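Please read the structure below before turning to the comments.
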Amino acid sequence: MCGRFTLRSSMPAVAAEFDVDVPETALLLFNIAPTQQVSAVRVVEDDRRALCSLRWGLVPQWADDLAVGNRMINARADSVATKPAFRQAFASRRCLVVADGFYEWQRGGRQKQPYYFRLRDDRPFGFAGLWERWSKGGQTVESCTIITTEPNELVAPLHDRMPVILPHDAYDLWLSPRTQEIELLQSLLQPYASDQMVGYPVSTRVNRSAYNEPDCIRPQTDEKVSPPVGRERTLFD
């Protein structure tokens with residue numbers, strides 16, 4: 009699954025990665041949690057990409073209240089096209105949830121150990137996501153979910169799922185409302201190449217969803233989930 013992630017990249021880096029207009033300033037988010045607002049890219053009028061803010065935890069149009077979204081933070085790649093909560097959004101409301109890393113926890117012992125995963129080049133990227141617009145009692149909320157798939161070799165020792173990180177050259181296909189071929193779309197929902205990622209243990213302070221400080225992603229030790237060839241540079245080298 010994907011239950012926490014980060015977005016600490018500069019706005020120029022986000023603009024370059026997704027070809028969107030961005031605000032001049034943005035918060036540095038080291039511990040994004042479900043029900044919070046997240047940044048996402050979607051297609052609007054004239055096939056333009058736009059950066060928007062969505063509530064994390066998809067609320068289907070038929071839901072009675074927002075609490076349904078608390079259970080919809082992730083959608084499985086193998087059932088997203090058919091599950092009633094997601095199939096309409098999968099057909100026509102796909103988005104890229106903007107991120108630059110995510111957390112996963114290693115079970116065992118009295119306290120689970122968090123690990124942080126990011127791309128080797130530490131650039132921002134897009135999770136494959138879906139969005140929905142829910143309205144009731146005069147309230148309108150736009151929300152999203154992150155699609156998960158089988159883990160790559162780096163994440164597998166910790167969990168049996170990982171978020172789908174789409175390669176840059178798949179953005180147009182995923183975002184286009186004209187793309188309707190289910191098999192083609194599902195072919196994009198693959199584990200990201202493990203040799204293009206790094207992961208390392210971090211402080212258990214990240215276990216508190218309210219904690220949002222740079223040391224959330226500071227390596228706890230030099231040990232990596234999967235030892236690389238030679239020494240891997242970290243953000244703090």
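Counting from 1 along the sequence shown, just add 8 to a position and that's the residue number in the numbering used here. For each residue, glycine too, the CB sits at the ideal point set by N, CA and C. Since the structure is predicted, the reported quantities are computational estimates derived from the model, not experimental observations.
Residues of its chain near residue i, where Cβ-Cβ distance is below 7 Å and the 5 sequence neighbours each way are ignored
i: Pro199; result: Thr157, Glu158, Pro159, Asn160 and Met170
i: Ala34; result: Met19
i: Pro222; result: Phe38
i: Gln69; result: Glu140 and Trp142
i: Tyr219; result: Asn39 and Arg213
i: Val149; result: Arg63, Val67, Leu74 and Trp142
Neighbourhood of residue i by C-beta, 6 Å cutoff - its chain only, sequence neighbours within 5 removed
i: Thr242; result: Residue placement at Thr242 cannot be trusted, given a pLDDT of 32 that sits under 50; what the coordinates show is reported in the next sentence. Cβ within range, chain order: Pro227.
i: Ser202; result: Asn160, Glu161 and Leu162
Coarse secondary structure for residue i, derived from DSSP in three states
i: Pro227; result: strand
i: Pro209; result: strand
i: Leu162; result: coil
i: Val22; result: helix
i: Tyr179; result: helix
i: Leu35; result: coil
i: Asp245; result: Any reading at Asp245 is ruled out, since the residue's pLDDT is 26, under 50, leaving its predicted position unreliable.
i: Val88; result: coil
i: Pro171; result: strand
i: Leu15; result: strand
i: Pro42; result: coil
i: Phe110; result: strand
i: Asn220; result: coil
i: Arg102; result: strand
i: Ile190; result: helix
Beta-carbon gap between residue i and residue j smaller than 8 Å
i: Val52; j: Glu140; result: no
i: Leu138; j: Phe98; result: yes
i: Ile40; j: Arg16; result: no
i: Glu25; j: Arg128; result: no
i: Met205; j: Arg126; result: yes
i: Val106; j: Ala136; result: no
i: Thr14; j: Met80; result: no
i: Gln194; j: Ala89; result: yes
For residue j and residue i, believed in contact at Cβ under 8 Å, the rounded distance
i: Ser47; j: Leu59; result: 6 Å
i: Gly145; j: Tyr179; result: Not quite, the Cβ-Cβ distance comes to about 36 Å (not below 8 Å), so this is no contact.
i: Trp64; j: Pro42; result: 5 Å
Same chain, Cβ closer than 8 Å to residue i, neighbours up to 5 away in sequence not counted
i: Asp29; result: Ala23, Ala58 and Leu59
i: Glu191; result: none
i: Asn78; result: Pro42, Thr43 and Gly65
i: Leu3; result: Residue 3 cannot be examined here, being either before or after the span of the chain that is shown, 9 to 245.
i: Asp27; result: Arg57
i: His167; result: Met9, Glu112, Trp113 and Pro159
i: Arg95; result: Val88 and Ala89
(request) Please confirm if the region 142-162 is in contact with the region 182-189, defined as three or more CB-CB distances below 8 Å between the two stretches. (result) Of all C-beta pairs linking the region 142-162 to the region 182-189, fewer than three are shorter than 8 Å, placing the two stretches out of contact.
(message) Three or more C-beta pairs under 8 Å: does that hold for the region 84-97 against the region 109-116?
(response) No: fewer than three Cβ pairs fall under 8 Å.
(message) For the region 116-129 against the region 191-209, do three or more pairs of beta-carbon atoms, one drawn from each stretch, fall closer than 8 Å, so that the two count as touching?
(response) Contact holds: three or more Cβ-Cβ distances are below 8 Å.
(message) Three or more C-beta pairs under 8 Å: does that hold for the region 69-78 against the region 101-108?
(response) No, they do not touch.
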